[in-house]
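Novice:
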Amino acid sequence: AAGKLAQQLQQRRRQRGSIGFNIPEAEIRLQGDKIDTIARAERNQAHQLIEECMLAANEAVAETLANANQDVLYRIHERPDPAKVDLFTEAAAVMGLQLPKTEISPAWFARVIEEADGSPVQYVVNNLMLRTMQQARYSPENLGHFGLAAEYYLHFTSPIRRYPDLVAHRVLLNFLAKADKNTKKTPVLPGKTVLPDAALHLSTRERLAIGVERNARARLGALFLKDRIGEEFEAIISGVTSFGLFVELLETFISGAVPVQEMRDDYYVHDARGHGLVGEHTGKTHRMGDLVQVRLDRVDMLAKRLTFSLVENQNH
Numbered sequence: 013a014a015g016k017l018a019q020q021l022q023q024r025r026r027q028r029g030s031i032g033f034n035i036p037e038a039e040i041r042l043q044g045d046k047i048d049t050i051a052r053a054e055r056n057q058a059h060q061l062i063e064e065c066m067l068a069a070n071e072a073v074a075e076t077l078a079n080a081n082q083d084v085l086y087r088i089h090e091r092p093d094p095a096k097v098d099l100f101t102e103a104a105a106v107m108g109l110q111l112p113k114t115e116i117s118p119a120w121f122a123r124v125i126e127e128a129d130g131s132p133v134q135y136v137v138n139n140l141m142l143r144t145m146q147q148a149r150y151s152p153e154n155l156g157h158f159g160l161a162a163e164y165y166l167h168f169t170s171p172i173r174r175y176p177d178l179v180a181h182r183v184l185l186n187f188l189a190k191a192d193k194n195t196k197k198t199p200v201l202p203g204k205t206v207l208p209d210a211a212l213h214l215s216t217r218e219r220l221a222i223g224v225e226r227n228a229r230a231r232l233g234a235l236f237l238k239d240r241i242g243e244e245f246e247a248i249i250s251g252v253t254s255f256g257l258f259v260e261l262l263e264t265f266i267s268g269a270v271p272v273q274e275m276r277d278d279y280y281v282h283d284a285r286g287h288g289l290v291g292e293h294t295g296k297t298h299r300m301g302d303l304v305q306v307r308l309d310r311v312d313m314l315a316k317r318l319t320f321s322l323v324e325n326q327n328h
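Each residue of the sequence shown is one higher than the one before, counting from 13 in the working numbering.
1. According to DSSP, simplified to helix, strand and coil, what is TYR175?
2. Under the assumption that VAL252 contacts HIS287 (Cβ atoms under 8 Å), give the Cβ distance between them as a whole number of angstroms.
3. Can you find at least 3 beta carbon pairs, one from the stretch 40 to 58 and one from the stretch 155 to 163, that sit closer than 8 Å?
4. Out of curiosity, what's the CA-to-CA distance linking GLY130 and SER250?
5. With respect to the beta strand (DSSP E) encompassing LYS46, which residues constitute its N-terminal and C-terminal limits?
6. Near ARG24, what residues of its chain come up, given a Cβ to Cβ distance below 7 Å and the 5 sequence neighbours on each side ignored?
7. In the DSSP assignment, find the unbroken beta strand (DSSP E) run with GLU260 in it and report its ends.
8. What residue does the beta strand (DSSP E) around ASP283 start on, and which one ends it?
9. Just the Cα atoms here: how many angstroms apart are HIS293 and TYR280?
10. Is it true that the CB of LEU166 sits closer than 8 Å to the CB of PHE33?
11. Would ASP312 and PHE320 be called neighbours here (beta carbons separated by less than 8 Å)?
12. Count the C-beta pairs between the stretch 74 to 93 and the stretch 176 to 188 that are closer than 8 Å, then say yes if the count reaches three, no if not.
13. Could you check what DSSP says for HIS328 in three-state terms: helix, strand or coil?
14. Hey, out of ASP177, GLU163, ALA162, whose CA is closest to THR169's CA?
15. Skipping 5 residues on each side, what residues in its chain have a beta carbon closer than 8 Å to that of LEU111?
16. Looking at the unbroken beta strand (DSSP E) that takes in HIS298, where does it start and where does it end?
17. For GLU316, which residues in the same chain have their Cβ closer than 6 Å to its Cβ, ignoring the five residues on either side in sequence?
Structure, rendered in structure tokens:
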């Protein structure tokens, strides 16, 4: 029954156009004080049930408080910049996706994800799309949530680890207490004038926390591979610049770079519109979304930087 409920909740979200990002995460497992493995985190029906129930609760509380004209911190996600959407569609087309006619709506992005689902470029497309989006933030003004295609949304379900959720709990309890004459004590609420500054502060702190987590994962990834110099890995090209390729290892999602000076089989020129590096003499091309075999050459623990070379280029 619970599984069917989760499916129905998810189907309802998808029907209104909610974007179902499909970005697998790496799970870092420790053995004592050492890293045992880094691998794709498993996701099962229980995870889906919890996620759908949390989303439904967040929306229900947001709509209830909005309709009651209560002052609270909403979780808003605004429409993406059209210029960024154009760049995304250009990159997705290069990777071979047959895109529907571009429109800036959650439903359009959801259809693109469906198009990429199950393909080798699925992971890169999802990450590119995520970077195309505006960053979600907290606001005392309800502007809706673009990614979820939700008119009302806030954070409510994790008050023990997020302060905005605690604010939502207090506002909801205060609202419910007004309807109960037997309630003698109500929560202390933040003043209306405080909410804009609180929203900015909490959004800023969230960005800092995300940065710390990203740095920690990069450091642990470098630590995990530092004794594996010379080993080969399957990877996907996740980005292309004039100075080389960015790659992501398929099994561990650890990121690194292939400097263009290490690609010695040809002189490579950056094709910005085609998101690739093109060999001037051979015409060989390496584009975003291509699967490649790479060799780990260097690990810089201080900079958390991994340097790879393309295996096919080793024989030239």
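Glycine residues also receive a C-beta, built at the ideal position from the N, C-alpha and C atoms.
Specialist: This is what the structure holds:
1. helix
2. 5 Å
3. no
4. 17 Å
5. 46 to 52
6. none
7. 256 to 261
8. 280 to 283
9. 9 Å
10. no
11. no
12. yes
13. Below a pLDDT of 50, predicted positions are generally treated as unreliable, and HIS328, at 39, falls in that range; the measurement from the model is reported next regardless. In this structure, HIS328 counts as coil in the three-state DSSP scheme.
14. ASP177
15. THR101, ALA104, ALA105, VAL124, GLU127
16. 297 to 299
17. A small correction: the amino acid at residue 316 is Lys; Glu does not occupy that position in the sequence shown. Same-chain partners within the cutoff: ALA230, ARG231, ALA234.
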